[in-house]
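Numbering (the UniProt record's numbering), first residue to last: 1 to 318.
Below you can see the structure in the form of C-alpha cells.
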C-alpha cells in the first residue's frame with residue numbers, strides 16, 4: 001500500500017519529468033562540455049562545474065526525492081537502481097534505512113551547518129571584497145588566463161587597503177592572497193566554519209548547490225536544480241563585483257569601489273539571500289526527515305501547507 005504521505009507517479013508521467021529535467025540541464029551542461037573540448041574557459045558559466053565536485057552528467061540525472069513512489073519499469077535507469085532505492089511491487093522509492101553510519105554523519109554535519117547559518121543574523125557589510133583580496137598584490141591572479149583586470153594593480157591594492165575586509169566564508173578566505181589575510185577581521189577555518197557562515201554571504205548561498213549535491217538523491221533533482229540556478233546568480237554577482245573585466249562576456253561591472261556600486265551590490269545580495277532562505281530551509285527539513293527515518297524514528301511533522309509531498313506533475317510541460 002502506498003503511504004498517504006507519498007506522491008505516486010505512473011510510469012509515463014515520471015519518465016516525462018525525467019526526460020524534461022535532462023533536456024533542461026543539457027542547455028547548461030552541453031555548452032560547458034563544448035567549451036572544455038575547445039579549451040575555452042568561461043569564468044561564470046563553467047565555475048560551478050570546476051569549483052564543486054559535481055559533474056555536468058550528475059546534474060543531468062533525475063532523482064524524484066523523498067516521499068515519491070514511482071511505478072516500476074523493466075527499463076528503469078541505473079540511477080534509480082542505486083543502493084538507496086527500494087524496488088518492490090508497490091513501486092520504486094528511496095529507503096532512508098539504507099544509509100550507513102558514515103553517510104548519516106555527513107548528512108548530520110550538513111544539516112547542522114545549514115541550520116546554524118539559517119539562524120544567524122545576516123551581515124551585508126562585506127560588499128564582495130573577497131574577490132579583491134584574492135588578487136591583492138598580484139602574486140596569484142586565479143582567472144588571469146581568461147579574464148583581464150579592469151583596474152591597475154596599484155588601484156586594486158589601494159581599494160583593498162582602504163576598505164574593511166570582513167569575509168566570513170572559509171572557502172573564500174583560503175584563496176586570499178597571503179598579504180591580504182591579516183587585513184580580514186574574521187579568521188574562519190575549515191574546523192570552525194560553522195561558527196562563521198551567515199545567510200547574507202554570497203558564497204554561503206552559492207554553496208547551497210554544493211550541499212544539495214552532497215545530499216543527493218534524498219533532496220530530489222528539482223531542489224538541486226533550484227540551488228544550481230541560485231548559485232549561477234550568485235556567481236554572476238560575485239564576478240561582476242570583482243576587479244575583473246567581463247566586457248568580453250557581456251557582463252557589466254558592479255563597481256563596489258564606489259558608493260553607488262556598493263548600494264547596487266547590497267541590493268542584489270539581499271535578493272539572492274531572500275531566494276536562498278526557503279531553499280536552505282527545504283534542505284534542512286528534508287535532511288531532518290531522512291535522518292529520523294534512517295533510524296526508524298518518527299520524523300518531524302510535515303506541515304502540508306509549508307512542506308507538502310512534492311507535486312512533480314507540475315513540471316510536465318504541455
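Ideal placement from N, C-alpha and C gives every residue a C-beta, glycine not left out. In this text, all values refer to a predicted model and were calculated from it rather than measured experimentally.
When secondary structure is reduced to three states using DSSP, residue 44 falls in the coil class, being assigned neither helix nor strand.
Apart from sequence neighbours up to five positions away, the residues of its chain that approach residue 234 with a beta-carbon distance below 7 Å are 202, 205, 206, 272, ordered along the chain.
In this chain, the beta strand (DSSP E) harbouring residue 93 covers 91-94. Distance from the Cα of residue 30 is smallest, within the candidate group 10, 56, 16, for 56. As a beta-bridge residue in DSSP terms, residue 86 pairs with 93. Cβ-Cβ separation between residue 82 and residue 223: approximately 18 Å, too far for a contact (criterion under 8 Å). DSSP, read as helix, strand or coil, puts residue 9 in strand. Nearest in C-alpha terms to residue 32, of all of 48, 259, 7, is 48. Apart from sequence neighbours up to five positions away, the residues of its chain that approach residue 128 with a beta-carbon distance below 6 Å are 241, 256, 265, ordered along the chain. Comparing alpha-carbon positions, the option among 95, 244, 52, 12 lying closest to residue 211 turns out to be 52. With respect to the 8 Å criterion, residue 135 and residue 177 are classified as neighbours on the basis of their beta carbons. Contiguous alpha helix (DSSP H) elements confined to the segment 140-207 occur at 153-162, 170-173, 202-206, taking only those with 4 or more residues.
Here residue 186 really is in contact with residue 166; their C-beta atoms are around 6 Å apart, less than 8 Å. The beta carbon of residue 227 lies closer than 6 Å to those of 208, 209, 212, 279 in the same chain, with the five residues before and after it left out. Take residue 293, set aside five residues on each side of it, and the residues of its chain with a beta-carbon closer than 6 Å to its own are 96, 299, in chain order.
Taking the Cα of residue 276 as reference, the smallest distance to any Cα among 105, 229, 258, 169 is reached at 229.
The C-beta distance from residue 198 to residue 168 rounds to 6 Å, short enough to meet the 8 Å contact threshold.
Counted as a single uninterrupted DSSP element, the beta strand (DSSP E) harbouring residue 70 occupies residues 68-70. Taken in chain order, the whole alpha helix (DSSP H) runs of length 4 or more contained in the segment 209-251 are 221-240. Taking all protein chains shown into account, residue 75 has fewer than 16 neighbouring C-beta atoms within 10 Å of its C-beta and is therefore exposed.
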